[in-house]
Amino acid sequence: MKNVGTFDQIFRGVAGLAFLSLFFILEGGLQYLSFIGVPLLYTALTQQCFLYRLFGMNSCKVKS
């Protein structure tokens, strides 16, 4: 079940790409910070967030 809305999806996608690009900018141990982008991109692509589900949150618009 999808629980990530459109704005949230776009924000996570852009933030995920920004974090992943840090891999090519940072050096040494700081490069591992770039892997924060992986779960952000995953949730943006699948529109499913485990933490939202755990806490019963939903940023999708409700269809009536």
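Residues 6 to 69 (this note's numbering) make up the sequence shown, in order.
Cβ coordinates follow ideal geometry from the N, Cα and C atoms, glycine included.
{"query": "When you compare only the Cα positions, how much space is there between Gly34 and Gln52?", "result": "30 Å"}
{"query": "Given this structure, state the Cα-to-Cα distance separating Asn8 from Arg17, to the nearest angstrom.", "result": "13 Å"}
{"query": "Under 8 Å between the Cβ atoms of Leu45 and Leu27?", "result": "no"}
{"query": "For Gly21, does the count of other Cβ atoms within 10 angstroms reach 16, so buried, or fall short, so exposed?", "result": "buried"}
{"query": "For Ala23, which residues in the same chain have their Cβ closer than 8 Å to its Cβ, ignoring the five residues on either side in sequence?", "result": "Gly42"}
{"query": "Taking DSSP as the reference, what is the three-state secondary structure of Val9?", "result": "coil"}
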